[in-house]
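For the sequence shown, my numbering begins at 372 and goes up steadily by one.
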Amino acid sequence: MEEFLEHFKERTRSEQRWLCEVFEGVRQQLYPLISSSVGLSVEQLTLSVLSKVQRAAGSEVASLPVSYRFVSLSELTRQQHTPCCSSLTWSSAQYREQARRALPNYRALARDNILLMGYLYDGPAAGASDGGWWVRDAGGAVSCRNAPAGGGYLELIDPPVCVTPEAMTFDPGGSLTEAMSVKRAAELLKQRCDAQVCVSGQVSVISPLLLISGRRFFCLILSEGDSAAPVLITEGKHQYWRQCVCVGQYICISAMRVCSLRGWAGHHVLSVTAQSRLHPHVQTQESSEDPEKHLMDTDSHAPDTHMTSHTASCSTTSVRKKHSTLISYKGLITKVLHAEAGLYEIDGKVGLCLAYQPLQERGGGLRPGAEIQLHNVHFLYRPSPFAPDVVLCACLCSSAQVTAFSPLSSKVEVCGSHSPLQRHLLEKNLGVSQYLWLCYCQRVITERLCPRWVREERVCVVAGRLLDCVCDAEQKTDRKRDIYREMLQEPHQCPVTTYCVSWPCVVLWSVRHLCDWMSSEVWSSLSLSSLVSPAAAHMTCAELNACLSWSVHSVRLTAAHSQPLMLVGVLELSSTHATLQIKDQTQTLDCVCVQTDQSGATTNSNISTAWLGKPMTSLLCCLVCVQRCTLVMERLMKTNFPSWKHLDQPNYITHKHCRLYLQFCVSDLIIISPSAAMSISLMEKKRDQTDGREADQKRDRRDEGDDDPLRSACVSLVFRLNSKQGVMFRNTSVSADAHTLQMGFTATVSCLGDVQLWNNDPKNRRIQTSETDGRETTVRHLHYTVSLLYSGFYSASVCVLQMDLHFGDVCVRWFPLLHPGSVYRLIAHNTEDVSVLKAESISARGGVKLLSNPALLMKHQWRLHTLTHMEQLLDTQSDVGAVMSVSKVLHSSSTSEIVSFYGVISQRITLQEEMGTKPSIQSVTATKDSSVVEEGLKIRLTVQDSESAGHMIQVYVDLSCGPYTPGLLQGATVILQDFHRKVSKACNVYCRSLPISCVSVTGLGSVSSGSGGSQSPPPMMLLGEWASGRTQQCIVGQVKGHIVCVLSLRLQWMCSLCGSTFRQGSCSRGQPPCDSSCGVFQAEAKVAVEDGSGEALVWFSSDTVSELLMLDVGQWEGLQRHVRVKGHVRVYTRGHSMMCDVDPEEPLVQFLCCLCSSNTVCRQIKLTCRLRAQRTGKCQLRKVCRGPTEFISKFPPAPQLQCLEIQTDTH
């Protein structure tokens, strides 16, 4: 140390302190690695370092750069936790200039003054070449990345300074005059040659460094005119050549031999040997081509130059394909789109895909702000809607080289040599368009489903399954990738040579995005005038606002976007809505799901519990994909429109909200990741298609050998569901003095056996024989009823046949999965006590007869599993409640007061609110969630028989007793259980809901808004048969007959608000006075119609009276103006003439009397009518003349009909 400092006596104390640090750094980190053959001491080596540093800093005589500190590699990696830059040659002005060139949203690297000393190797250790540069000292090694100026990664922005006396040089290994041209070498490759050759030429292609089967190699092509000579570099000590050459450079390689490749039959290549040497920057020809003229910009390439394409006809859609073009490009990286996928953005408008090359470890210097030079990359125009319009894609003959490292601070993406996306690309041999969609899908799944439902390592697998759903087998590339042909053969062929234009184009919406679109669409599509019928002009204020209170808008998922849509989410059960839901990490959306048979017709809503896994364990739920579904948007509004003329004024809408949900069939669900129970269900189906005994043996061996430490004992009970009640709010005791409302329902079940003890969870596996033992004995002898729930011990001698399962609070989530007639397995985990699943019962006392079944309270920890292979147990359904048709409910004389039936909804009407009524229990209403329950909502459903269009019944449903029931749309098939059958004073049969009533949607309604879809026309009816009642009467039918006479006609202007007579623009009500200025015109006619088999009295309402009187629009409006003066006109038949009680001589009255008696009105007519009343009156005695003979006969009372549609009969 002292001898070294003798050379710097004149230096200041701070400079001498700095010199001591340099000396210690050289002695500890650099000198131990120096070869003894160099013959340098520590002092000499330190002086050499100082000399080179001063020369690089331009201060050979000036002061030393004491602001820079020497740092060892171990110290750098241990202490430097933030990115920084350091350059001995940069001035402060140069650094500020670099900072001003920063990209938006990025800042310049922090400046630091450090110097590194070490040895530059082509591997992490001596003799271990990996094709990259490494800096080593006594403390360790750090990987570098080469740039043309000599920098590395460490991103060395200045060339390394050689401090040893002799710099490394390339040994030519022979005379350059012996080098042959590329043209001569190409001729030599056509024949077998054992001699070693030396070839010089221009580099036209450089492949990336490949690692296959543990062997590293790369290829390059030397060109001269039209001749080319491929060169294969496999020698480990020559792998660093990949960092020393670039496209367009002239080089010479010596000591190469001619060889053949097993993977490229019939072709020969030049292969380097251990004696080969590389001579860079050697030009053997007088003229050279400027490599920069190969660089192109995408602005000079209009899309039309790449429109050479053809259309591939596929099974689902027409996919247009194009041929790509090879170009060179130089630009600035502005964004890292997806480093793991090899996707970048250049110049803010061009995409770069490096996935078809091995990924650059540690990013390879590809950070925002870095300048990159590309050669032989494929120009693609609009390969995917999820990428920039212009994408440059590199294959194995492409080269990507960083020409200037980024001066910006950015995240360094560290990824392995093969990411999951790239492995999937290689295994499935994806095209670039498919790969870009896969990357889009992977990003979407990561954002919306990871890590709650999809583990990070499984994201790419799920994305691959979604890609399989989008692409058919014939739309996938079937040709395997050939690396040698891709790198060396001409004309060039690779997976990127042809690509699909903007395909796949399926868009993955999140549940939140879908909900936002539906929330916007439901109100933007609102047209109040389209919600009311043509009779709106004749409606009062109350009738009009009742029609507007509910409406529905439904569209297909495919119609929500210009591109095909796909919804990916997890199916779960809602404990608050008692519905099925699809959800991701953004939002949740209710669903209505039904089952379909093989013919495609909807049969029932039996969606299995296997779709849900364990509802409270989200990781076990089914991940599904939905491509076909209906988006349903129900509007609920409170309005105060005075009349139909004010519908264009939205200020009369006082409140509005909507309910959004999806409708789909089970067959429309694509399983992406099944739950554990669904996996068992799929295995059972596969077992049915194979040898069942062999599958059972394999399963038994698997179960015996599975030592899962998480397994625990459990007990189970198999039962068949007989019936279930609707979900309603019930009083629940939360403490001794406090009560609250909780949702709940009760299901009646039949136990098929006794409680079983298991060592592990059986889930939904096939039923065991022991689970149904004693079933017949139980059916013959035992039936217990009880009305109380209490804790106690179950007697082993008692086996319950029927019991009531009570579901409360969060257990109501099971409601949409329980279906009468289905068989389930109830499982209680973590217990060996079989009594927990046995219902409690008490004996009758004092002669009191108990009418309830033994009961069991469902606990939230218990699980239910649907058993689908239960044909042997479903032969007898005596305990399952009978579900009748609408016809049987209407006409069966033995029908009980509580009925269950099924049918198709043909009409839905919201009933008017009763003014002035208040809930009977105020505290009950206050506890209901408005997002779950619609307060005071009562509707009337017209349910039509699914087989006979003429039979229909009106059902009154109170939707405020429980959670809102979605799916009650026109055209929907429903099962209505436990409804009260009633008969009106007019002998019309109707049904009314009870608190225990249950409505289940088993068939989906119409997609079109405001329409019930295509329905079969009502049957033709004879009036005689309709009146006789000998057959089951239709409620709606078509009648063809003749109008005998008009019995009465009433024309009236009414006040829209109070219903009083409206005269000359004002309401006539006096006490209390009405200041309404809106009147509506109403008309009603009663006519007698006969068809030869009988007569009927038919009523015509306002919208059909004009057609009855055969008046056009102008005549009908003129008639209304004349009536407006008096406010009310009524004419009726007396004897054989028409008359009026008031002013019979008035011209208006005479016109109406004449019109009603004319042949214009009394004509052949065809009507669609509904039975107005089913009252059975007494038969009438009438005198009938047959020639001279008179007969007295009994005639049934004429049926009373309401005209729904009128059409003049032309026959």
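Glycine included, C-beta positions come from ideal geometry on N, C-alpha and C. What you are looking at is a predicted structure, and each value in this text was computed from that prediction instead of being measured.
If you compare the alpha carbons of L1468, M937, D1132 with that of Y811, the shortest gap goes to M937. The C-alpha of S804 lies about 12 Å from the C-alpha of A726. M1008 sits in a strand when the DSSP states are folded into three classes. Counting C-beta atoms within 10 angstroms of its own C-beta, P822 has fewer than 16 neighbours from the protein chains shown and is therefore classed as exposed. Per DSSP, the continuous beta strand (DSSP E) segment holding T1504 begins and ends at 1499-1505. Beta-bridge analysis with DSSP links L1542 to L1572. The three-state secondary structure of K423, taken from DSSP, is helix. Residue environment analysis places W824 among the buried positions, since at least 16 neighbouring C-beta atoms fall within 10 angstroms of its C-beta.
Shown here for D1483: not one same chain residue has a beta carbon closer than 7 Å to its own, the five before and five after excluded. D501 carries a coil assignment under DSSP once its states are collapsed to helix, strand and coil. Annotated as proximal: I1367 and G1097, with beta-carbon spacing under 8 Å. DSSP assignment within the stretch 446-471 yields no whole beta strand (DSSP E) run of 3 residues or more. Its Cα nearest to that of K851, the residue C865 stands out among Q860, L838, C865.
Restricting attention to A1084, C569, T605, V574, the CA atom closest to the CA of S584 is found in T605. The beta carbons of D493 and Q646 sit about 18 Å from each other, so the pair does not count as a contact at 8 Å. Cβ neighbours of D1349 within its own chain (closer than 7 Å, five residues either side excluded): Q1096, I1269, S1271, L1365, I1367, S1368, C1369. Cβ contact annotation for S500 (same chain, cutoff 6 Å, sequence separation greater than five): D493, G494, G607, K608, Q610, in chain order. By the CB criterion at 8 Å, P875 and D1474 fall outside the cutoff. Closest by C-alpha distance to R613, out of E595, M627, R633, R587, is R587. Rounded to the nearest whole angstrom, the CA to CA distance from A1118 to L897 is 41 Å. Its chain contains V1181, V1183, R1184 as the residues whose beta carbon lies nearer than 7 Å to that of S946, once the 5 sequence neighbours on both sides are disregarded; these appear in chain order.
S979 has its alpha-carbon roughly 18 Å from the corresponding atom of K954. In its chain, beyond the 5 residues on either side, C812, V815, M937, V939 have a beta carbon closer than 7 Å to the beta carbon of L879.
Excluding five sequence positions before and after I1324, the CB atoms of its chain that fall closer than 7 Å to its own CB belong to V1257, V1260, L1261, V1314, V1360, Y1361, C1362, given in chain order. Cα atoms of M1510 and F1452: separation of roughly 22 Å, rounded to the nearest angstrom.
Secondary structure at G835: helix, using DSSP grouped into helix, strand and coil. Rounded to the nearest angstrom, the Cβ distance from V397 to L416 is 6 Å, consistent with a contact under 8 Å.
Within the same chain, Cβ atoms closer than 8 Å to the Cβ of L1428 are found at T911, C912, P1013, C1438, C1445, S1447, C1449, the five residues on either side in sequence being excluded. Taking the Cα positions, P651 is about 23 Å away from E742. Per DSSP, reduced to three states, the secondary structure at Y1273 is strand. Scanning its chain for C-beta atoms nearer than 6 Å, with the 5 sequence neighbours on each side dropped, one finds around V1354 the residues V1360, in chain order. A direct Cα-to-Cα measurement between S781 and P454 gives close to 8 Å.
In this structure P729 touches P579 by the C-beta definition: roughly 6 Å separates them, less than 8 Å. DSSP links T1111 through a beta bridge to T1103.
8 Å or more divides the Cβ of S463 from the Cβ of G510.
Under DSSP, T1237 takes part in a beta bridge, and its partners are Y1195.
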